[in-house]
Amino acid sequence: MFLKFKDEVSSILSDAIAGSGFQTDDLALGESPHADLASSVGFKLASKYKQSPKAISEKIYENIKLRTGSYVTRAEMAGPYINFFMSRTFFNETVRSVLFEKENFGSLDKKGKVILEHTSANPDGPLHIGHIRNSVIGDTLARILKRAGYDVKTQYYINDMGRQIAVVVWGLENFKFDETKKKDHAIAEVYINANKSLVDEKEHSPEVDGIMKKYEAGGTEIEGKFNRAIDTCMEGIKESLTRMNIHHDEFIRESRFVRSGEVNLIMDRVKALDRTALKDGAFMVDLKDAGIQKSLVIQRSDGTSLYTTRDLSYHEWKTTRCDRMIDILGADHKLISSQLKAVLRILGSKEPEIVIFEFVSLPEGSMSTRRGVFISADELIDEVEKAAYEVVDKKLPDRDEEFKRKVAKFVSIGAVRYDIVRISPEKATTFDWKEAVDFEKQGAPFIQYAHARACSIIKNGKDEGISFEDFDPNILLESQEIALIKKISLFENVIDNASRELKPNIVAIYARELADTFNQFYRFVPVITAEPEFRPARLALVECSRIALANVLDTLGIFAPESM
RNA sequence: GGGCUCGUGGCUUAGCCUGGAUAUAGCGCCGGGCUUCUAACCCGGAUGUCGAGGGUUCGAAUCCCUCCGGGCCCGCCA
Numbered sequence: 428m429f430l431k432f433k434d435e436v437s438s439i440l441s442d443a444i445a446g447s448g449f450q451t452d453d454l455a456l457g458e459s460p461h462a463d464l465a466s467s468v469g470f471k472l473a474s475k476y477k478q479s480p481k482a483i484s485e486k487i488y489e490n491i492k493l494r495t496g497s498y499v500t501r502a503e504m505a506g507p508y509i510n511f512f513m514s515r516t517f518f519n520e521t522v523r524s525v526l527f528e529k530e531n532f533g534s535l536d537k538k539g540k541v542i543l544e545h546t547s548a549n550p551d552g553p554l555h556i557g558h559i560r561n562s563v564i565g566d567t568l569a570r571i572l573k574r575a576g577y578d579v580k581t582q583y584y585i586n587d588m589g590r591q592i593a594v595v596v597w598g599l600e601n602f603k604f605d606e607t608k609k610k611d612h613a614i615a616e617v618y619i620n621a622n623k624s625l626v627d628e629k630e631h632s633p634e635v636d637g638i639m640k641k642y643e644a645g646g647t648e649i650e651g652k653f654n655r656a657i658d659t660c661m662e663g664i665k666e667s668l669t670r671m672n673i674h675h676d677e678f679i680r681e682s683r684f685v686r687s688g689e690v691n692l693i694m695d696r697v698k699a700l701d702r703t704a705l706k707d708g709a710f711m712v713d714l715k716d717a718g719i720q721k722s723l724v725i726q727r728s729d730g731t732s733l734y735t736t737r738d739l740s741y742h743e744w745k746t747t748r749c750d751r752m753i754d755i756l757g758a759d760h761k762l763i764s765s766q767l768k769a770v771l772r773i774l775g776s777k778e779p780e781i782v783i784f785e786f787v788s789l790p791e792g793s794m795s796t797r798r799g800v801f802i803s804a805d806e807l808i809d810e811v812e813k814a815a816y817e818v819v820d821k822k823l824p825d826r827d828e829e830f831k832r833k834v835a836k837f838v839s840i841g842a843v844r845y846d847i848v849r850i851s852p853e854k855a856t857t858f859d860w861k862e863a864v865d866f867e868k869q870g871a872p873f874i875q876y877a878h879a880r881a882c883s884i885i886k887n888g889k890d891e892g893i894s895f896e897d898f899d900p901n902i903l904l905e906s907q908e909i910a911l912i913k914k915i916s917l918f919e920n921v922i923d924n925a926s927r928e929l930k931p932n933i934v935a936i937y938a939r940e941l942a943d944t945f946n947q948f949y950r951f952v953p954v955i956t957a958e959p960e961f962r963p964a965r966l967a968l969v970e971c972s973r974i975a976l977a978n979v980l981d982t983l984g985i986f987a988p989e990s991m
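For the first sequence, our numbering assigns the number 428 to the initial residue and increments by one for each residue that follows.
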């Protein structure tokens, strides 16, 4: 509904601008604490027309023609600003449309296909707290884009040809695999031991190189070994992802592009470029004209391919299958991804949109699976769940064990996801255990609680025989009611912005504001205990809030409980 | 050394791309509110040279330059 209001304001304003003889494409419309939408267009035109912003705004204002029965009730001058306000019709239609659309409320018109690649951690150990920043950002973006109308397929790109996985394969033949551990953790143990030994005894390194070359050449035996190693680790990784309510539609192995010959094809195309030169037996692409000083190696001197070469084929393959390609990558991929984009551009291919997130480090420094220095996602969730259980046990001492466990589970997953997604991806963070297990801050439980509270009111309303099948929305006049309707109407605008800018934190912030606005309504406006004539409309508004809260939580991949 | 990026109350953080009306919110701190629909809540208060300096502009947290501090990266790893 908000987008319709915005469209109407835009159309009214551009007509007024044209009517007063000015010309501009920029309506300078934005949200404001003083209005539902405000325009500072007077400022924009001031220098062009050599008049004061106020004088320009006044002329435009005089030409504003509001339409009867529209979503805009009035426009006001406030100094050089022109403010627009929502009408009763807008409020009433918002309430009705939310009740009608239910779980589809906030979903936008159909758009094209998106392939979104996220997580893609190497199968050499469990996901750690850095990886899950990728997973949570990626999964949330996928959910946002789905709501924005895209047909989204998520992919996990498995690097099965890199050195690390060869080390794992070698390690499995030389070290004990601990069957008692979760599989990805047992793989990590083997990987860590193998790396230690490789540092200590250099002679093992040629063995690893040999394994890599063998795998690139292919063959049943070597592929079987890799498959076992990868499948074992991926089983554990998938388990962790599922626990966090994260799902991938496809798992794509980079080796398939080598086997299919696509890597050779693209290498030949790159080699044919004038900018590609042979240096010390390796093929290197010059990208200086793209603003990248470092040239890119696409083929080793031994003839084998590199990560970027295979990634090039992967992206070429994706290009034909979607309208938008989105990759979620860690900050260490900044250079390599800009090189990838540059080469794709030179080849005349579509470039991916890349969302870079900064590192999560430990107080003592950066994490490393290879060195065994990391906090796994499993460990984090276990600890957060433990802390959540303590809180639940204190707050709900009379509830049965099963209920408390269930609540602790969804509260902890919500808290972990929310804590990650609320922060802008470009912010580097340092992990802090005290922060991680703190439930006092206004995070996911706050929003989940608001949803549970709304459910409870609706249930009580039903028990009291109050129905919102038939209600008069005009009776919703309290400031908290209006504020709540406005906030709910903003959801589609939030989805629209977040999907355009690929910023999941916009949705996280909105979710918190929505819960906040609902709580204020709850505190000041009685529903069940109100005078009978108010009950149906207010209960309807609670249902709208419940729907909005459920839909935002769903977009964040966080469970919306009926009680907690 | 070069490139990219971040720096906003004690702590965490929004806004920055697309400059505009008193800089967002939480934690913590101070004070108030449960015989009332779930108090994991609500209300009020204190706390800011928006890293520093310069520039552009009618107007800068936002754009440009320099510097300082943190993070990431820098040709045959991924």
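Virtual Cβ for every residue (Gly too), placed ideally from N, Cα, C.
Distance, residue j Cα to residue i Cα
i, j, result
"residue 966", "residue 952", "11 Å"
"residue 669", "residue 531", "24 Å"
"residue 843", "residue 505", "44 Å"
"residue 611", "residue 893", "53 Å"
"residue 808", "residue 920", "32 Å"
"residue 784", "residue 466", "33 Å"
"residue 760", "residue 831", "42 Å"
"residue 438", "residue 747", "37 Å"
"residue 696", "residue 743", "12 Å"
"residue 432", "residue 881", "27 Å"
"residue 863", "residue 819", "16 Å"
"residue 691", "residue 716", "25 Å"
"residue 795", "residue 626", "15 Å"
"residue 707", "residue 730", "12 Å"
"residue 886", "residue 659", "46 Å"
"residue 643", "residue 981", "42 Å"
"residue 815", "residue 823", "12 Å"
"residue 452", "residue 974", "36 Å"
"residue 931", "residue 597", "40 Å"
"residue 745", "residue 449", "46 Å"
"residue 723", "residue 740", "15 Å"
"residue 858", "residue 934", "23 Å"
"residue 895", "residue 574", "27 Å"
"residue 675", "residue 837", "20 Å"
"residue 908", "residue 714", "58 Å"
"residue 803", "residue 554", "6 Å"
"residue 476", "residue 468", "12 Å"
"residue 583", "residue 562", "10 Å"
Start and end residues, beta strand (DSSP E) containing residue i
i, result
"residue 752", "751-757"
"residue 488", "It is not in any beta strand (DSSP E) - residue 488 instead sits in the alpha helix (DSSP H) that spans 480-489."
Cβ distance (whole Å) where residue i is taken to contact residue j below 8 Å
i, j, result
"residue 984", "residue 567", "6 Å"
"residue 950", "residue 874", "Residue 950 to residue 874, Cβ: 16 Å. No contact."
"residue 481", "residue 447", "In fact, because the Cβ distance is near 14 Å, the residues do not count as touching under 8 Å."
"residue 614", "residue 595", "6 Å"
"residue 638", "residue 548", "Incorrect: roughly 21 Å between the Cβ atoms, too far for contact."
"residue 911", "residue 968", "6 Å"
"residue 898", "residue 964", "4 Å"
"residue 463", "residue 913", "7 Å"
"residue 497", "residue 435", "6 Å"
"residue 902", "residue 960", "7 Å"
Residue i - partner residues in DSSP beta bridges
i, result
"residue 510", "465 and 503"
"residue 457", "465"
"residue 936", "The partner list for residue 936 (beta bridge, DSSP) is empty, contrary to what the question assumes."
"residue 435", "Answer is none; residue 435 lacks a bridge partner."
"residue 543", "581 and 753"
"residue 856", "787"
Continuous alpha helix (DSSP H) stretch holding residue i: start and end
i, result
"residue 526", "515-528"
"residue 922", "918-928"
"residue 828", "828-848"
"residue 972", "962-982"
"residue 872", "871-890"
Residue i: CB within 8 Å of a non-hydrogen atom of the ligand FAD
i, result
"residue 988", "Because no ligand of any kind appears in the structure shown, any question about the ligand FAD cannot be addressed here."
Hey, which unbroken runs of the alpha helix (DSSP H) at 4 residues or more fall wholly within the stretch 722-804?
The stretch 722-804 contains these whole alpha helix (DSSP H) runs: 734-746 and 761-773.
Enumerated in chain order, which unbroken segments of the alpha helix (DSSP H) with a length of 4 residues or greater are wholly contained in the stretch 669-728?
Counting only runs of 4+ residues, the alpha helix (DSSP H) found wholly inside the stretch 669-728 occupies 682-686 and 689-698, in chain order.
Curious, which full-length alpha helix (DSSP H) runs of at least 4 residues does the stretch 553-627 contain?
Whole alpha helix (DSSP H) segments, 4+ residues: 558-574, 590-601 and 610-627.
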